[in-house]
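*Asks:*
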Amino acid sequence: MAFRFFIIVCFINTGICFSQALDSIPSSNKIKDTILVQNVPVKNAEIQDNPVVNKVIEAEVDSTSINNLKDNEFAAQLDDKWYEELYSNNLFDTIYNSVQNLDYKSVDYPELPTDVLKARLKELDARTPFNVEYNPSLESVIKGYLKNRRNSIQKLITLSAFYFPMFERELDLYDIPLEVKYLAIVESALKPRAKSRVGATGIWQFMFSTGKMYGLDVSSYVDERSDPIKSTEAAAKYLARLYKIFGDWDLALAAYNSGPGNVSKAIRRSGGYQNYWNIRHNLPRETAGYLPAFLAHMYIFEYAEEHGFKKYKPELAYFETDTVRVKQMITLDQVSELTGTPIEKLQFLNPSYKLDIIPFVKDENYTLRLPIDVIGEFVNNEEQIYAYAKAEFDKREKPLPQFFNANDKVTYRVKSGDYLGKISRMYSVRVSDIKRWNGLRSNNLSIGQRLTIYPRKPVVNKPVSTKSTTKPKPIAGEVVTYIVQSGDSLWSISQKFPGVSIQNIKDWNGISGSKLKPGMKLKISKG
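Below is the structure:
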């Protein structure tokens, strides 16, 4: 991190890159295929001119039908492990403590003889501008990691398959040694939303002021320190500047961690030595362990297979994604509902949006990153997608000053037609927050179920339910009776009768939700 060093890890990370874990997660579906919205299968029966809106309408399934669905037990266990990685700081704690508490004591690890290590470090030293020379302290760190942190390192190797190609591209543009990619492991353990105790944020752990200095936007909605590409570009610029000052990559990394001033003071206190290992004892404690941790990870990653680590193919490679510039405010869960892309995958690809909301601000180029097979669907249906998003935002109740009570918790009772994405937008919180607050392991809800919610925006003390008449309204003109068929939706039925809207059908038949049953008789005006 710039000027201070703390590391955080974990992720959503493990999810995207562990191909085994994601085998149970459906990939983004084609518009005309069976889709999955909030874990609710919806069959697209009669798609006509407006497939996305059709998908949206059909997605509003009564939650009683959800409760009849059964998940695959093994796949659910994999999902639980994935979510645990997503919201856990265990990997950060492991790495942070390993750097803070390096003692350089001899480690018994016969699987790596000293002579073999010396030979490999010599080969590595010839391939990189960093000083990868053997010394007993570095041997201690490498063997300690191999002996005590194998599980953590395997997770990081798996995550790196997604992030490293993107890092290498940005580093190469600024003539930064490609091995600097390993710095991101020491800084944040490849967690885009990593945040240290002093506020350093993102994969490259920028402080607020340093991030601003290098063009990273931070606002209530956006933190570009968490954007993997933009923050990597900023880190490359900063490191290039530090190398120009110190003329040595080891010292440049030390300065990136603790600030140039601390490095220059360590040089003075050591009597003018300029080799990192000779001034290390005069550096701050975290920086003293910083370069050894960096070099140790470099060695282990470069010789991963020799030490029995597996290099899994990522479920989603960086080059298999693309971006689209947003044209109005939209949320990630709305995108998830409309495209069938799991919300966790969208969060992984768009970590810089703090509330999972992509704002639209004049003169700002905020983009949405999607799997490449979803981009076409999104662009082709932009008008309907944005119309749906706007309608959802317009439904939000406007807060009244006399009812401001933003710090209190709210108990919400699930109604017919509710799903987690809908409730999360109502209170400006994440689906993952609702699940965590209520100990939910799936997205399934039951009518009448009570949810504890801590809203981010001012709300009235008691949620106001959406009122809908159950008394049919009079129908003008010629009336016909339509018998609902298997696979019908309100949208598909409305398309059979020109000039008839979904709301017309609901009003004429006293329907409050969107659930239809085969054999149901609907009255419809032909006029």
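When you line the sequence shown up against mature numbering (1 follows the signal peptide of the UniProt record, and there is no 0), it's residues -21 to -1, 1 to 506, in that order. Ideal placement from N, C-alpha and C gives every residue a C-beta, glycine not left out. What you are looking at is a predicted structure, and each value in this text was computed from that prediction instead of being measured.
Mind listing, in chain order, the continuous alpha helix (DSSP H) runs of no fewer than 4 residues lying wholly within the region 152 to 180?
*Replies:* The region 152 to 180 contains these whole alpha helix (DSSP H) runs: 162 to 167.
*Asks:* Classify Arg172 as buried or exposed, calling it buried when 16 or more other Cβ atoms lie within 10 Å of its own Cβ.
*Replies:* It is buried - the Cβ of Arg172 has at least 16 other Cβ atoms within 10 Å.
*Asks:* In the DSSP assignment, what are the bridge partners of Phe339?
*Replies:* According to DSSP, Phe339 bridges with nothing at all.
*Asks:* Using a threshold of 9 Å, state whether the C-beta atoms of Thr137 and Pro293 are closer than that.
*Replies:* Yes, these two residues count as a Cβ contact at 9 Å.
*Asks:* With H, G and I counted as helix, E and B as strand and the rest as coil, what does DSSP make of Asp196?
*Replies:* The answer is coil: DSSP assigns Asp196 none of H, G, I, E or B.
*Asks:* From what residue to what residue does the beta strand (DSSP E) around Pro350 run?
*Replies:* Note, Pro350: beta strand (DSSP E), 346 to 350.
*Asks:* Cα separation between Asn359 and Tyr222?
*Replies:* Spanning the two alpha carbons is a distance of roughly 46 Å.
*Asks:* Pull up the distance between the alpha-carbon of Thr318 and that of Val305, whole angstroms please.
*Replies:* For Thr318 and Val305, the distance between alpha carbons rounds to 15 Å.
*Asks:* Looking at the structure shown, is residue 529 part of a helix, part of a strand, or coil, going by DSSP?
*Replies:* The structure shown has nothing for residue 529, since the chain only spans -21 to 506.
*Asks:* Determine the closest residue to Ser119 out of Ser85, Leu150, His276, Ala105, with distance taken between C-alpha atoms.
*Replies:* Nearest of Ser85, Leu150, His276, Ala105 to Ser119, Cα basis: Ser85.
*Asks:* Check the C-beta distance from Leu125 over to Ile279 and give it rounded, since I have them as a contact under 8 Å.
*Replies:* Rounded, the Cβ-Cβ distance is 7 Å, consistent with contact.
*Asks:* Residues in the same chain with beta-carbon distance under 8 Å from Thr390, minus the five sequence neighbours each way, listed in chain order, please.
*Replies:* Hits under 8 Å: Arg429, Leu430, Thr431, Ile432.
*Asks:* Can you list, in chain order, the residues of its chain whose CB lies under 7 Å from that of Tyr153, leaving out five sequence neighbours each side?
*Replies:* Excluding residues within five positions, the ones whose Cβ falls inside 7 Å are Ala215, Lys216, Ala219.
*Asks:* Taking only the alpha-carbon atoms, compute the straight-line gap between Pro271 and Leu100 and give it to the nearest angstrom.
*Replies:* The alpha-carbon atoms of Pro271 and Leu100 are separated by roughly 13 Å.
*Asks:* Give me the residue from Ile426, Glu203, Phe372, Arg420 with the minimum Cα distance to Ser403.
*Replies:* The shortest C-alpha separation from Ser403 is found at Phe372.
*Asks:* What residue range does the beta strand (DSSP E) around residue 531 cover?
*Replies:* Because the chain is modelled from -21 through 506, residue 531 falls outside the range shown and cannot be assessed.
*Asks:* In whole angstroms, what is the alpha-carbon distance linking Gly498 and Val479?
*Replies:* So the alpha carbons of these two residues sit roughly 20 Å apart.
*Asks:* For Leu195, tell me which candidate among Gln133, Trp183, Thr107, Ala213 has the shortest Cα-Cα distance.
*Replies:* Checked all of Gln133, Trp183, Thr107, Ala213; the closest Cα to Leu195 is Ala213.
*Asks:* According to DSSP, Tyr461 sits in a beta bridge with which residue or residues?
*Replies:* Note: Tyr461 sits in a beta bridge opposite Leu501.
*Asks:* I need the boundaries of the alpha helix (DSSP H) containing Leu424, first residue and last residue.
*Replies:* Careful: Leu424 lies outside any alpha helix (DSSP H) and carries neither H nor E.
*Asks:* Under the three-state reduction of DSSP, which class applies to Arg259: helix, strand or coil?
*Replies:* Note: Arg259 maps to helix in three-state DSSP.
*Asks:* For Val303, which beta-bridge partners are listed by DSSP?
*Replies:* In DSSP, Val303 forms a bridge with Leu347.
*Asks:* Note down the Cα distance separating Pro108 from Lys174, rounded to an integer number of angstroms.
*Replies:* Whole-angstrom Cα-Cα distance: 30 Å.
*Asks:* So, at 7 Å on beta carbons, what are the nonlocal neighbours of Ser205 in its own chain, with the 5 sequence-adjacent residues on each side left out?
*Replies:* Result list for Ser205: Pro171, Arg172, Thr180, Gly181, Pro330, Ser331, in chain order.
*Asks:* With three or more C-beta pairs closer than 8 Å as the rule, is the region 223 to 237 touching the region 255 to 265?
*Replies:* They touch, by the three-pair rule.
*Asks:* For Ile484, name the three-state secondary structure that DSSP assigns.
*Replies:* Here Ile484 sits in helix by DSSP.
*Asks:* Compare the C-alpha of Ser131 against each of Asn110, Ser407, Lys496, Ser167 and name the closest.
*Replies:* Considering only alpha carbons, the answer is Ser167.
*Asks:* If the criterion is Cβ atoms closer than 9 Å, does the pair Gln326 and Ala368 meet it?
*Replies:* The answer is no: Cβ separation not under 9 Å.
*Asks:* Identify every residue that forms a DSSP beta bridge with Tyr282.
*Replies:* DSSP output for Tyr282 lists no bridge partner at all.
*Asks:* Let's test the definition: count the other Cβ atoms within 10 Å of the Cβ of His276 and tell me whether it reaches 16, buried, or not, exposed.
*Replies:* Burial call: buried.
*Asks:* According to DSSP, is Lys324 helix, strand or coil?
*Replies:* Here Lys324 sits in helix by DSSP.
*Asks:* Given a threshold of 16 other Cβ atoms within 10 Å of its Cβ, counted over all protein chains shown, does Lys289 qualify as buried or as exposed?
*Replies:* That one is exposed.
*Asks:* Distance check for Tyr161 and Tyr142, CA to CA, integer angstroms please.
*Replies:* Roughly 11 Å separates the two Cα atoms.
*Asks:* So for Ile490, helix, strand or coil by DSSP?
*Replies:* Coil.
*Asks:* Under the three-state reduction of DSSP, which class applies to Ile454: helix, strand or coil?
*Replies:* Three-state result, Ile454: coil.
*Asks:* According to the neighbour-count rule (16 or more other Cβ atoms, all chains shown, within 10 Å of its Cβ), is Thr189 buried or exposed?
*Replies:* So Thr189 counts as buried.
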